[in-house]
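Colleague: Here it is, the structure in full.
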Amino acid sequence: HVLGHIVPDVVLGALHQALPNTVPAEGASALWNIQISARPIDPASNLPSSEVLMFNSGGTGARPLLDGLSATAFPSGVSTMSVEATEHVGPIVVWRKDLREGSGGAGAQRGGLGQIIEIEAREGYDFYFNAMFDRVENPARGRDGGADGAPGRVELADGTKLRSKGRQLVKNGARLKLSLPGGGGYGAPSDRDPALVAADLRAELISTKQAKDDYDFEG
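Using our numbering, the letters of the sequence shown map in sequence onto residues 99 to 317.
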């Protein structure tokens, strides 16, 4: 789910050179799957160990005539269980799972948004998670004047940075915070319909500052 989802962007980038105004901008590509291994803090507590797997996606790249899709896997389209079902199968709490404001690259067509997820172990547990995340150092690139999407971040809720690859421990009381990358924009931001910018503002998909800085919009 790392290399396999990056390959389509490489192929589409090559096709763009021969077929302009046809293929989308780059997207988040790699899935941000989380494999959580919850372990009791006290081995003598008789609490059971548990394994939880979550499938998570960032934003897709904007298309020549349409915005990118938010929190959507491309090209696989794979989805995950509901938060309620996930919490039912393991001793974790998902405190937050919502769209990441402003993460889609600006453009005539805006890139799809990533999402923000915060996870904490329940009382009596720590958890390990296996990170295999991408688009942290190299965000999704915009196309034909569109801006890059926001890069991903892996950290604790207190701001402590974590690695984007490898097995890591989150102790009880700490929250893992994943900020999934957004898709790249398509076309010059100055060409975006002001009505679409206003709609993005109302839906809190972009901030007032982004509307001004990226689109010169003051609604």
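Backbone N, C-alpha and C fix where the C-beta goes; we use that ideal spot for every residue, glycine too.
(1) Since I believe Gly-257 is in contact with Asp-202 (beta carbons under 8 Å), could you give me their beta-carbon distance rounded to a whole number of angstroms?
(2) Along the alpha helix (DSSP H) that carries Gly-111, what are the first and last residues, could you check?
(3) Going by Cα to Cα distance, which pick from His-114, Leu-110, Gly-125 and Gln-133 is closest to Gly-264?
(4) Report yes or no: do three or more beta-carbon pairs, one from the stretch 140-149 and one from the stretch 245-261, lie closer than 8 Å?
(5) The alpha helix (DSSP H) that contains Ala-219, what's its start and end?
(6) Restricting to Cα atoms, I'd like to know which of Gly-188, Leu-129 and Thr-184 is closest to Ser-262.
(7) Per DSSP, which residues does Arg-137 bridge with? Please list them.
(8) I'd like the list of long-range same chain contacts for Tyr-226, defined as Cβ closer than 6 Å, with 5 residues on each side in sequence excluded.
(9) Hey, how far is the Cα of Arg-208 from the Cα of Ala-123?
(10) Alpha carbon to alpha carbon, how far is Val-121 from Phe-153? Give it in angstroms, no decimals.
(11) Any idea which residues DSSP pairs Val-191 with across the strands?
(12) Where do the ends of the alpha helix (DSSP H) carrying Val-234 lie?
(13) Does the distance from the C-beta atom of Asp-318 to that of Gly-240 stay below 8 Å?
(14) Quick one: what does DSSP say Lys-269 is sitting in, helix, strand or coil?
(15) For Ala-238 and Trp-193, I'd like the C-alpha separation in whole angstroms.
(16) Comparing C-alpha positions only, which one of Ile-190, Val-109 and Asp-196 sits nearest to Ala-301?
(17) DSSP state of Val-252, grouped into three classes?
(18) Relative to the alpha-carbon of Ser-147, which residue among Asp-242, Val-187, Phe-315 and Gly-102 has its alpha-carbon at the smallest distance?
(19) Along the chain, where does the beta strand (DSSP E) containing Val-295 start, and where does it finish?
(20) Which residue from Thr-170, Gly-159, Lys-307 and Ile-214 puts its Cα closest to that of Gly-282?
(21) For Ser-305, I'd like the list of residues in its chain whose CB is within less than 7 Å of its CB, leaving aside the five on either flank, ordered along the chain.
Modeller: According to the structure shown:
(1) Correcting the residue identity first, residue 202 is Gly in this sequence and not Asp. At roughly 23 Å, the Cβ-Cβ gap does not stay under 8 Å, so Gly-202 and Gly-257 are not in contact.
(2) 101-116
(3) Of the candidates His-114, Leu-110, Gly-125 and Gln-133, the one whose C-alpha sits nearest the C-alpha of Gly-264 is Gln-133.
(4) Too few Cβ pairs lie closer than 8 Å, so no.
(5) Segment 213-219 is the beta strand (DSSP E) holding Ala-219; no alpha helix (DSSP H) there.
(6) Leu-129
(7) Bridge partners of Arg-137 according to DSSP: Asp-224.
(8) Ser-135, Arg-265 and Leu-267
(9) The straight-line gap from Cα to Cα measures roughly 10 Å.
(10) 26 Å
(11) Glu-218
(12) In the DSSP assignment, Val-234 falls outside any alpha helix (DSSP H) and carries neither an H nor an E.
(13) The structure shown does not extend to residue 318, since the chain is modelled only from 99 through 317, so no value can be given for it.
(14) Correct three-state label for Lys-269: coil.
(15) Rounded to the nearest angstrom, the two C-alpha atoms are 27 Å apart.
(16) Asp-196
(17) Correct three-state label for Val-252: strand.
(18) Val-187
(19) Per DSSP, Val-295 belongs to no beta strand (DSSP E); it is in the alpha helix (DSSP H), 292-300.
(20) Gly-159
(21) Glu-199 and Gly-200
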